[in-house]
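As structure tokens, the structure follows; a few thoughts come after it.
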Amino acid sequence: MTTVISSKPQENSAKNLASVSLPSWLEHKLGNWLANKLTKFIESQIPANARLLDMVSSFQQGQCLYVVAKLKVADCLVDSPKHIQTLAEELKVQADPLARIMRYLCELGIFGQDHLGRYTLTQVSELLVSYHPQSLRPVVLLYNEETYNVWANLLHTVKTGENTFTSTYNTPFFKYHSLYSDFADIYNQSMASLSILLDQAVAEDYDFSVYRTLADIGGGQGNLLRQIAERYSSLQCILFDTQAVLTAEVKEQWQQDPMDNRVKLQIGDFFQSVPTGVDAYLLKNVIHNWPDEQVVQIYKTIHQAMKPQSRLLLAETVIFDHDAMQRMKLKLDLNMMVIHSSKERTVKQHSELLETAGLKIVKIVPTRSHLSVIEAKPMNSY
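Position 37 (the sequence shown) corresponds to 37 in full-length UniProt numbering; numbering is contiguous.
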């Protein structure tokens, strides 16, 4: 179904949208702790049958969000509140079904209504605006299209141990990504949206000042590397990824970037080789995409290229006991199992894989996100 809403922002409309910023350390720690405690307290007060019924029907919320994201309802409300009939006419859909979905999403706090009954944006639904700089609309589409279909076949993974993505689409994830450009576009947009605050947290909360050279391995289009380079003006950087990622368009964008003189683009395959002699090798959300055997191969490839004093920096989810973010991390772990036959790992699991490749953990640095930076070095280094 097509809509009449343009994906291009009006300048004045874009100015009305509030950005989301990285929380302070106090907000991050206290907010997660309170949210975790309050959620568990509220759940303990709900009758068991009601809790189960709410959990089993939770996909309905996602589908309602999917409908309004697909239709770009939020785009329609940026400039002014609107009655349901006006929304339906602009979107060329039926007013009654849309009204019932909007009524439910208002109850959830996704949208609001003014005293005239017109629908309005909230801080949450602003993130569904297609041209919001931190828009989560692509994430809503991704989770409710291919990912939704894959999760419907979760039982296959439990019975066979195979990832469900491959069995659902008869194609492994990364090959599917290369074959279907529409899916690749939504996936890449989703990862960029999800990475905005993650990249900022890694760039700000880990000290890169001790390094002169840094290679971002599997660094995508370089969003994280740009944030790091902006904060550390003397750092020389390498952005390393495949030909499919570092396209001619991406190269042209970097040539026009003020950071171009400090960032070198290099195409390659981290299973085969990586740049040699670099002070630090950074991988963000790479390791969780791969089963243990492939992870060890990546580590061995990097170890071969390292100097004795080089460091390997893994910006990854680390599962700790008694973690206020545990619930989210465990759900991410299941998604890795379903999509890639991989996992989010504990400290012990990270350590064992590194040691198999001749590396050992020096320290783990938390960030104001669900990611931590694991710093590792060669076992024979000083």
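Built from N, CA and C at the ideal position, the CB exists for glycine as well.
Computed from a prediction, not measured in an experiment: that's the story for all the values here.
Who are the Cβ neighbours of residue 144 in its own chain at under 6 angstroms, not counting the five residues just before and after it?
For the purposes of this step, residue 144 is taken as the residue at position 144 of the sequence shown. Cβ within range, chain order: 62 and 66.
Can you give the beta carbon distance from residue 154 to residue 164, rounded, assuming they're within the 8 angstroms contact cut?
For the purposes of this step, residue 154 is identified with residue 154 of the sequence shown, where counting begins at 1. For the purposes of this step, residue 164 is identified with residue 164 of the sequence shown, where counting begins at 1. With 8 angstroms as the limit, residue 154 and residue 164 qualify as a contact, their Cβ atoms being about 6 angstroms apart.
In three-state terms, what does DSSP make of residue 111?
Position 111 of the sequence shown, counting from 1, holds the residue named residue 111. Correct three-state label for residue 111: strand.
Below 8 angstroms between beta carbons: does that hold for residue 312 and residue 265?
Residue 312 sits at position 312 when you count from the first residue of the sequence shown. Residue 265 sits at position 265 when you count from the first residue of the sequence shown. No, Cβ-Cβ distance for residue 312 and residue 265 is not below 8 angstroms.
When the Cα of residue 341 is compared with those of 292, 17 and 322, which residue comes out closest?
As a first step, residue 341 is located in the sequence shown; it is residue number 341 there, counting from the start. The residue with the shortest Cα to Cα distance from residue 341 is 292.
Once the 5 residues before and after residue 363 are set aside, which same chain residues still bring their CB inside 7 angstroms of it?
Locating residue 363 in the sequence shown gives position 363, counting from the first residue. 375.
Evaluate residue 181 with the Cβ neighbour count: other Cβ atoms within 10 Å of its Cβ, from every protein chain shown; 16 or more gives buried, anything less gives exposed.
Against the sequence shown, residue 181 aligns to sequence position 181. Classification of residue 181: exposed, given that the 10 Å Cβ count is below 16.
Who are residue 283's beta bridge partners in DSSP?
As a first step, residue 283 is located in the sequence shown; it is residue number 283 there, counting from the start. According to DSSP, which records beta bridges pairwise, residue 283 is partnered with 314.
So residue 197 and residue 22 are in contact, right, with Cβ under 8 angstroms, and what is the actual spacing, rounded?
Counting from one through the sequence shown, the residue named residue 197 turns up at place 197. Counting from one through the sequence shown, the residue named residue 22 turns up at place 22. With a Cβ gap of about 6 angstroms, residue 197 and residue 22 count as contacting.
Output needed for residue 213: all residues of its chain with C-beta closer than 7 angstroms, excluding positions within five of it in sequence on either side, in chain order.
Stepping through the sequence shown from its first residue, residue 213 is reached at position 213. 236, 278 and 279, listed in sequence order.
Where does residue 331 sit, in a helix, a strand or coil, going by DSSP?
For the purposes of this step, residue 331 is taken as the residue at position 331 of the sequence shown. Helix, per DSSP.
Quick one, are the C-beta atoms of residue 169 and residue 217 less than 8 angstroms apart?
Sequence index remark: in the sequence shown, residue 169 carries index 169 (1-based). Sequence index remark: in the sequence shown, residue 217 carries index 217 (1-based). Taking 8 angstroms as the Cβ cut-off, residue 169 and residue 217 do not qualify as a contacting pair.
Considering only DSSP beta bridges, list what residue 215 is partnered with.
The residue you call residue 215 lines up with position 215 of the sequence shown. Answer is 238 and 281, bridged to residue 215.
Quick one: what's got a C-beta closer than 8 angstroms to residue 243's C-beta in the same chain, skipping five residues either side?
Walking along the sequence shown from the start, residue 243 turns up at place 243. So the list reads 267, once near-sequence residues are dropped.
Starting from residue 138, trace the alpha helix (DSSP H) both ways and give me its first and last residue.
Residue 138 sits at position 138 when you count from the first residue of the sequence shown. Its alpha helix (DSSP H) spans residues 137-143.
Give me the DSSP bridge partner(s) of residue 345.
Stepping through the sequence shown from its first residue, residue 345 is reached at position 345. Paired residues: 318.
Under DSSP, the alpha helix (DSSP H) around residue 30 begins and ends at which residues?
Taking the sequence shown and counting its residues from 1, the one referred to as residue 30 is at position 30. Here the alpha helix (DSSP H) through residue 30 covers 25-45.
Mark residue 35 as exposed unless 16 or more other C-beta atoms lie within 10 angstroms of its C-beta, in which case mark it buried.
Counting from 1 along the sequence shown, the entry for residue 35 is found at position 35. Per the 10 Å Cβ criterion, exposed.
Figure out for me which residue from 251, 194, 352 and 107 has the closest Cα to the Cα of residue 284.
Position 284 of the sequence shown, counting from 1, holds the residue named residue 284. Checking every option, the nearest Cα to that of residue 284 belongs to 194.
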